[in-house]
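Let me begin by presenting the structure, written as structure tokens, before commenting on it.
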Amino acid sequence: MAEGKVCPRCGAKYSYIERRIKGNQVYLYAVHRWKENGKTKIRKCYLGPERDYIYVTKLHEDENLVLMGLMNHDRAVQYLKTLVEYFSEKSREELTRQEIEALKELVDTVNRVLSS
Numbered sequence: 479m480a481e482g483k484v485c486p487r488c489g490a491k492y493s494y495i496e497r498r499i500k501g502n503q504v505y506l507y508a509v510h511r512w513k514e515n516g517k518t519k520i521r522k523c524y525l526g527p528e529r530d531y532i533y534v535t536k537l538h539e540d541e542n543l544v545l546m547g548l549m550n551h552d553r554a555v556q557y558l559k560t561l562v563e564y565f566s567e568k569s570r571e572e573l574t575r576q577e578i579e580a581l582k583e584l585v586d587t588v589n590r591v592l593s594s
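Under the working numbering, read the sequence shown as residues 479 to 594, first letter to last.
Structure follows, in structure tokens:
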């Protein structure tokens with residue numbers, strides 16, 4: 479197994495990524511192979527779609543949020559950017575008191591992370 483091939487699902491090293499095509503979607507699996515009592519053992523971890531989740535993304539169209547599989551390593555930053563754009567397009571009058579308070583807390587948290 480090559481260095482740096484760590485499964486984002488279980489944290490163990492994997493041998494290779496398996497692609498399975500189902501309909502118009504490609505799903506990814508981390509394939510773990512090891513020897514045990516002279517026999518090759520295989521375990522697979524589901525990593526999600528190669529691109530994005532089609533159906534669950536449809537539930538988040540208002541926010542323009544496209545949910546992605548585990549192999550998209552910068553997905554969290556992409557989610558954050560998309561949500562910032564979503565809230566930036568709203569006027570203050572459109573935001574609920576809870577949304578305003580939550581956004582203030584998030585800004586404080588991001589500022590703490592960036593300054594540490």
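Backbone N, C-alpha and C fix where the C-beta goes; we use that ideal spot for every residue, glycine too.
Because the structure is a prediction, the values reported are computed rather than measured.
Other residues of its chain near residue i: CB distance less than 6 Å, five sequence neighbours each side excluded
{"i": "Met549", "result": "Leu506, Leu525"}
{"i": "Tyr531", "result": "Leu545"}
{"i": "Lys483", "result": "Lys491, Tyr492"}
Simplified DSSP state of residue i, which is helix, strand or coil
{"i": "Asp540", "result": "coil"}
{"i": "Lys483", "result": "coil"}
{"i": "Glu572", "result": "helix"}
Beta-carbon proximity list for residue i, same chain, < 7 Å, skipping 5 on both sides
{"i": "Arg521", "result": "His510"}
Cβ pair residue i, residue j closer than 9 Å
{"i": "Tyr564", "j": "Asp540", "result": "yes"}
{"i": "Arg529", "j": "Gly547", "result": "yes"}
Cβ separation of residue i and residue j, assumed to be a contact under 8 Å, to the nearest whole Å
{"i": "Leu543", "j": "Leu561", "result": "7 Å"}
- prompt: Is the segment 518 to 525 close to the segment 491 to 510, with three or more CB pairs under 8 Å?
  reply: yes
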